[in-house]
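Asks: Every position in the sequence shown, counted from 1, becomes a number in our numbering once 16 is added.
Ideal placement from N, C-alpha and C gives every residue a C-beta, glycine not left out.
Let me give you the structure first, and then I'll get to my questions.
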Amino acid sequence: MPSHRRAAPPHARAAALRGWSEADAERHLRSLELFGMRFGLDKMRRMMTALGAPQRRFDAIHIVGTNGKTSTARMLAAILERHGLRTATYTSPHLVSYRERVQLGERDLQGSEFAAAVARAAWAAERVNNTLSAEDHVTQFELLTAAAFWAMVGHGVQVGVIEAGLGGRYDATSVVESQVTVLTNVGLEHTRWLGPTITDIASEKLAVLRPGTTLVHGEDLAPAARSLARRVAAERGARMLSAPPAHGTLPALRSRGAFQRRNFALARAAAQVYLQGAGIELREQCVREAAASTAIAGRLQVVAEDPLTVLDGAHNPHAVAALVDSLPEVLGRRPLALVMGVLEDKDAAAMLAALLPRCERAWFTAPPSTRALSPAALQSHARQLGFDAVSCTASPAEALAAAQRWARERGAGVLASGSVYLVGDLLAQLGVVAGGQTGAARAGAGDGRS
Numbered sequence: 017m018p019s020h021r022r023a024a025p026p027h028a029r030a031a032a033l034r035g036w037s038e039a040d041a042e043r044h045l046r047s048l049e050l051f052g053m054r055f056g057l058d059k060m061r062r063m064m065t066a067l068g069a070p071q072r073r074f075d076a077i078h079i080v081g082t083n084g085k086t087s088t089a090r091m092l093a094a095i096l097e098r099h100g101l102r103t104a105t106y107t108s109p110h111l112v113s114y115r116e117r118v119q120l121g122e123r124d125l126q127g128s129e130f131a132a133a134v135a136r137a138a139w140a141a142e143r144v145n146n147t148l149s150a151e152d153h154v155t156q157f158e159l160l161t162a163a164a165f166w167a168m169v170g171h172g173v174q175v176g177v178i179e180a181g182l183g184g185r186y187d188a189t190s191v192v193e194s195q196v197t198v199l200t201n202v203g204l205e206h207t208r209w210l211g212p213t214i215t216d217i218a219s220e221k222l223a224v225l226r227p228g229t230t231l232v233h234g235e236d237l238a239p240a241a242r243s244l245a246r247r248v249a250a251e252r253g254a255r256m257l258s259a260p261p262a263h264g265t266l267p268a269l270r271s272r273g274a275f276q277r278r279n280f281a282l283a284r285a286a287a288q289v290y291l292q293g294a295g296i297e298l299r300e301q302c303v304r305e306a307a308a309s310t311a312i313a314g315r316l317q318v319v320a321e322d323p324l325t326v327l328d329g330a331h332n333p334h335a336v337a338a339l340v341d342s343l344p345e346v347l348g349r350r351p352l353a354l355v356m357g358v359l360e361d362k363d364a365a366a367m368l369a370a371l372l373p374r375c376e377r378a379w380f381t382a383p384p385s386t387r388a389l390s391p392a393a394l395q396s397h398a399r400q401l402g403f404d405a406v407s408c409t410a411s412p413a414e415a416l417a418a419a420q421r422w423a424r425e426r427g428a429g430v431l432a433s434g435s436v437y438l439v440g441d442l443l444a445q446l447g448v449v450a451g452g453q454t455g456a457a458r459a460g461a462g463d464g465r466s
């Protein structure tokens with residue numbers, strides 16, 4: 017064995033020889049978190065070769081953008097499923113379990129299915145790792161993406177709706193050969209990796225657009241991003257369509273919020289483009305059924321009635337602004353207690369500036385992540401904004417319980433927001449199902465701004 021090779025983890029070495037449990041798969045994925053993010057598609061392409069090119073064995077719709085990707089993906093898949101197509105979605109991040117990221121039809125992968133897919137991807141990753149230097153390694157997201165594609169093929173999926181993880185150009189999902197690309201919107205996020213301006217970020221996302229295909233974008237696309245999209249589409253001979261305004265003509269949605277109506281309008285437009293290409297007529301009855309039944313956990317999700325308690329994974333200023341705009345649909349005019357936890361790479365000050373005017377009391381906490389911003393830092397931001405009614409605790413569950421006690425005494429509502437990690441931790445603590453239609457049905461949910 018060449019000197020630069022190293023032994024694969026025991027889990028990976030055993031992958032091809034025996035079955036894994038769901039716990040084995042989760043443990044292996046967590047072990048890869050230490051390797052962080054590495055950009056480039058070489059490792060991903062080599063894993064696809066090892067797995068028999070699963071990404072070429074189903075049609076793909078690729079969804080990129082800053083916010084709304086998960087909701088748009090779920091809604092789009094729901095519309096296509098009701099037209100008789102075998103669909104799957106791949107989204108990120110998850111709330112409670114990694115297997116939420118892959119849905120077949122409208123159910124999460126079962127534990128045994130998830131374990132088998134991760135084990136097979138780990139086998140492919142071991143083969144790739146053995147050709148790399150000691151400093152390089154297949155990342156967690158690359159392995160999960162490979163597992164998702166392998167699982168889709170194993171279940172005879174006809175069309176996969178694939179959400180990009182970060183950016184687009186070098187994202188692991190970009191190995192798919194998409195017939196339709198969906199751009200939800202573009203905001204200033206992940207500027208360390210994607211660039212400092214809207215145009216820089218849009219360029220990274222639009223890099224996934226394939227020649228001769230169709231780009232469908234959301235109605236709230238920033239002018240700079242829209243201009244760039246028009247130019248990129250023209251250069252690649254691609255058709256460009258804008259989703260219609262999200263009012264008046266949409267069916268009744270199960271999910272609440274103006275942002276959700278925009279997501280559904282975009283999903284419907286993209287579904288129509290794909291179906292036309294497949295020679296299938298869009299049926300409004302199917303659209304209505306998808307609208308009435310599709311919901312996403314962790315977005316405007318009501319988890320308690322006394323006091324009314326809402327969880328939402330908004331984690332950047334654009335998403336928080338959309339959340340604030342939609343809160344009256346769920347919480348009415350009642351006073352509001354805020355539970356907030358944010359990651360350190362987010363614009364916490366801008367998020368607080370949008371949220372605090374709506375709140376009477378706040379509890380700051382830390383999401384379960386090594387990248388969590390300290391509650392004290394959030395408190396400092398709040399005080400700079402003139403908001404002093406604040407408590408700090410490291411425990412999200414304790415923060416939520418304290419906020420609920422305060423709200424119950426005052427007839428107020430509670431909102432927990434600021435991070436998908438925070439929402440996932442609270443859902444786990446509350447014992448609420450987080451993924452798939454079952455979870456959404458239990459709690460009633462909203463947008464996918466992850």
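1. Is the beta carbon of Leu92 closer than 8 Å to that of Ala286?
2. Distance check for Thr65 and Val319, CA to CA, integer angstroms please.
3. What does a CB cutoff of less than 6 Å around Leu120 pick up in its chain, not counting 5 residues either side in sequence?
4. Among His99, Ser385 and Ser108, whose alpha-carbon lies nearest the alpha-carbon of Lys85?
5. Might you give, ordered along the chain, the residues of its own chain that have their beta carbon closer than 8 Å to the beta carbon of Ala245, omitting 5 neighbours on each side?
6. So, are the CB atoms of Arg374 and Leu394 less than 8 Å apart?
7. DSSP state of Ala31, grouped into three classes?
8. DSSP three-state label for Trp36, please.
9. Give me the Cβ distance between Ala382 and Ser390, rounded to the nearest whole Å; I'm assuming they're in contact under 8 Å.
10. Looking only at its chain, what residues have a beta carbon closer than 8 Å to the beta carbon of Arg278, apart from the 5 residues adjacent to it on each side?
11. What number of angstroms, rounded off, separates the C-alpha of Val358 from the C-alpha of His331?
12. Consult DSSP for Gly452 and reduce its assignment to one of helix, strand or coil.
13. Are the beta-carbon atoms of Ala254 and Leu225 separated by less than 8 Å?
14. By DSSP, does Cys302 sit in helix, in strand, or in coil?
15. Of all Cβ atoms in chain C, is any one closer than 8 Å to the Cβ of Leu160?
16. To the nearest angstrom, how far is it from the Cα of Glu142 to the Cα of Leu324?
17. From the DSSP output, which residues share a beta bridge with Ser258?
18. Please confirm if the region 169 to 185 is in contact with the region 69 to 80, defined as three or more CB-CB distances below 8 Å between the two stretches.
19. Within this structure, are the beta carbons of Leu347 and Leu371 separated by less than 8 Å?
20. Between which two residues does the alpha helix (DSSP H) carrying Ala268 extend?
21. In the DSSP assignment, find the alpha helix (DSSP H) that holds Asp390 and state where it starts and stops.
22. Exposed or buried, what is Trp36 when buried is set at 16 or more other beta-carbons lying within 10 Å of its beta-carbon?
23. Would Arg29 be called buried (16 or more neighbouring beta carbons within 10 Å of its own) or exposed?
24. Following the continuous beta strand (DSSP E) through Gly429, name the residue where it begins and the one where it ends.
25. Check whether the region 138 to 157 and the region 40 to 50 are in contact - that is, three or more C-beta pairs closer than 8 Å.
Replies: A quick look at the data gives this:
1. yes
2. 44 Å
3. Ala104 and His171
4. Ser108
5. Leu199, Ala218, Leu222, Leu231, His233, Leu237 and Met256
6. no
7. Note that Ala31 scores a pLDDT of 43, beneath 50, so its modelled location is shaky; the value from the coordinates is reported in the next line. Coil, per DSSP.
8. coil
9. 7 Å
10. Gly84, Gly234, Glu235, Asp236, Ala259 and Ala262
11. 7 Å
12. For Gly452, the pLDDT reaches just 38, beneath the cut-off of 50, and the residue's location in the model is therefore unreliable, although a value from the coordinates is still provided. Gly452: helix per DSSP, three-state reduction.
13. yes
14. helix
15. No chain C is present in this structure, which holds just one protein chain.
16. 48 Å
17. His233
18. yes
19. no
20. Careful: Ala268 lies outside any alpha helix (DSSP H) and carries neither H nor E.
21. Position check: residue 390 holds Ser in this sequence, whereas Asp was assumed. That residue, Ser390, is in no alpha helix (DSSP H); it is neither H nor E in DSSP.
22. buried
23. At Arg29, the pLDDT of 47 sits below 50, so the modelled position is not reliable and the matter cannot be decided from this model.
24. Gly429 to Ser433
25. yes
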